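Residue numbers (the working numbering), protein chains in the order written: chain Z, 354 to 672; chain Y, 281 to 484.
Built from N, CA and C at the ideal position, the CB exists for glycine as well.
Everything numeric in this text was worked out from a predicted model, so none of it was measured.
What follows is one structure encoded as structure tokens, with my remarks underneath.
In structure tokens form, the structure reads like this:
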């Protein structure tokens, strides 16, 4: 008999996700149910395989979907912050799907890496040895939240693959530089994010290549993005093109734009307010007009897994 | 041109122009626009705040237009509706505030958050608009006396400046629409002040 010891980041079984809201766990059945004609299905299948590195996402039995109410797919894919494609929440779903093709896609590993180089994203994903699905809470710094089933692999695998040198302390990632015509459509440069190396090696840190068992849509950060569920959403850099190991703390994009409001750590913390609004509670996306707010949890509910990373640090100073 | 003047003089036309933006959110909600449905309350909150800002800027542009173009029938037509448009800006601000109270899920969060300058300035703007709306009745003008009433209602300019800050602070990055709304207004006011000074200087 097999005894399953649940991982401590699994979400509690207190509420059950309605099956209708979330059941397309495996891609094959999803493709079958599409029923939009063989040609359409074939087209979709090839795209899906490409974006997932030819590997199906396995819902790891040790990491079940859990019980939080998963945000409806339509909402998670049309309410996005992806400023390269516009500053309104509804902009990316439109603008990221007008000719922008994140394939082929090359990811470069550099800086203090023992194994530097450029990899095609599909080859890189294959090297990570299979995809898994994890359902994480997602808390935006703007005080709203979602629950997303991500498909991907732990960031730690990628870090191990890159073989950072002993003096490396941080990992720095940047997104593509989005140019429309000859105008920079982003922040005057590529979006930049970073983690301390021990944060990057934490078991929660994840690279997503899919959501809801489907290839990740452009507006959600195709073909691969960072997911750090204990941090505010803006840490989850989308459409990564370069990963670098450094000795110095990277100055992430939002910190460059407004360092009094956004820091390097950006850990979800109900006790440290944003200068313009409270972080003590959040609105759940999909809740409707009268849904109210729910309390925001320390480290977004992942205190057990990550609190040790910040022991002895003043989280008011290192926000 | 005559038809435009006629249209702008019509109370009904102005009423329609004022009420339509309030009904507009029914459209994306009926169409099940997923971006709106993700957080419909936030959408309403931003929409009504936006409409209130526009109406405030519009009503404040009436006087400078009349001063700059004293013989234009268009400017005169618009100036018939100052009270209606001004009070409607207050009503949209009231809906906006109601959305904010709902959005904060009740008073405890509302009162903790209101200490933030961004929200405090919004509330201050609302209080000014409330005072101006309450004193907009004819009997209030009589009770206050024309000069005092006029002085009090100059607070509308302060409200516009505060509203511009409040709207700019509502997003993570500076939203360009603030400039679209308030820069033309500021330009009009500046031109008006210059002209009034010139007239006064030549008159005396």
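For residue 369 of chain Y, the three-state DSSP class (helix, strand or coil): helix
Neighbouring residues, chain Y, relative to residue 726 of chain Z (Cβ below 7 Å): There is simply no residue 726 of chain Z to check, as chain Z begins at 354 and stops at 672 in what is shown.
Backbone secondary structure at residue 388 of chain Z - three-state DSSP: With a pLDDT of only 35 at residue 388 of chain Z, under the threshold of 50, the placement of this residue in the model should not be trusted, and no figure is reported.
Burial state of residue 456 of chain Y (16 or more Cβ within 10 Å): exposed
Under 7 Å from the C-beta of residue 641 of chain Z: neighbouring residues of chain Y: 320
Residue-chain proximity (residue 291 of chain Y, chain Z), Cβ-Cβ < 7 Å: no
Terminal residues of the alpha helix (DSSP H) in which residue 458 of chain Z lies: No alpha helix (DSSP H) holds residue 458 of chain Z; DSSP gives it neither H nor E.
Reduced DSSP secondary structure (H/G/I, E/B, other) of residue 656 of chain Z: Here residue 656 of chain Z sits in helix by DSSP.
Residue 430 of chain Y at chain Z interface by Cβ criterion, 7 Å: Closer than 7 Å to the CB of residue 430 of chain Y there is not a single CB belonging to chain Z.
Where residue 449 of chain Y meets chain Z, residues with beta-carbon distance less than 9 Å: 629
Chain Z contact residues for residue 389 of chain Y, given Cβ-Cβ distances below 8 Å: 631, 633, 634, 646
Rounded distance between the beta-carbons of residue 433 of chain Z and residue 442 of chain Z, thought under 8 Å: That pair is a contact at about 6 Å.
Contact with chain Y by residue 569 of chain Z, beta-carbon distance below 7 Å: It does not; no Cβ of chain Y falls within 7 Å.
Spatial distance of residue 509 of chain Z from residue 622 of chain Z (CA atoms): 24 Å
Identity of the residue in Z/662, Z/594, Z/569 nearest residue 477 of chain Z by Cα: Looking at the Cα atoms, Z/594 is the closest of the given residues.
For residue 302 of chain Y, the three-state DSSP class (helix, strand or coil): helix
Under 7 Å between C-beta atoms of residue 296 of chain Y and residue 368 of chain Y: no
Given residue 512 of chain Z as reference, the closest of Z/614, Z/431, Z/559, Z/573 once Cα atoms are compared: Z/559
Interface flag, residue 475 of chain Y vs chain Z, CB-CB below 7 Å: no
Members of the segment 396–417 of chain Y near chain Z, C-beta cut-off 7 Å: The residues in question are 396, 398.
Close-in-space but distant-in-sequence residues of the same chain around residue 455 of chain Z (CB under 7 Å, 5 per side omitted): 571, 575, 576, 592
Within chain Z, partners of residue 392 of chain Y - CB distance below 7 Å: 631
Run of the alpha helix (DSSP H) containing residue 402 of chain Y, from where it starts to where it stops: 397–414
Interface partners of residue 453 of chain Y on chain Z, CB under 8 Å: Under the 8 Å cutoff, chain Z gives 436, 440, 610.
Residue 555 of chain Y (DSSP reduced to helix, strand or coil): Coverage of chain Y is limited to positions 281 through 484, which leaves residue 555 of chain Y absent and any answer about it impossible.
Neighbourhood of residue 323 of chain Y by C-beta, 6 Å cutoff - its chain only, sequence neighbours within 5 removed: 316
Best match in Z/566, Z/609, Z/447 for proximity to residue 438 of chain Z [C-alpha to C-alpha]: Z/447
Backbone secondary structure at residue 376 of chain Y - three-state DSSP: helix
Integer Cβ distance of residue 653 of chain Z from residue 554 of chain Z, believed to fall under 8 Å: Going by Cβ atoms, the distance from residue 653 of chain Z to residue 554 of chain Z rounds to 19 Å, so no, they are not a contact pair.
Residue 453 of chain Z to residue 529 of chain Z span [Cα, whole Å]: Roughly 12 Å between the two C-alpha positions.
Cβ separation of residue 394 of chain Y and residue 400 of chain Y, assumed to be a contact under 8 Å, to the nearest whole Å: 6 Å
DSSP-derived helix/strand/coil call for residue 318 of chain Y: helix
Chain-order list of residues whose beta-carbon lies under 8 Å from that of residue 586 of chain Z (same chain, five-residue window excluded): 434, 491, 492, 493, 494
Own chain partners of residue 376 of chain Y with C-beta closer than 6 Å, once the 5 adjacent residues on each side are dropped: 328, 329, 332
Residues near residue 355 of chain Y by beta carbon distance below 7 Å, same chain, minus five either side: 345, 346, 349
Residues near residue 581 of chain Z by beta carbon distance below 8 Å, same chain, minus five either side: Contacts found: 548, 552, 557, 558, 559, 588, 589.
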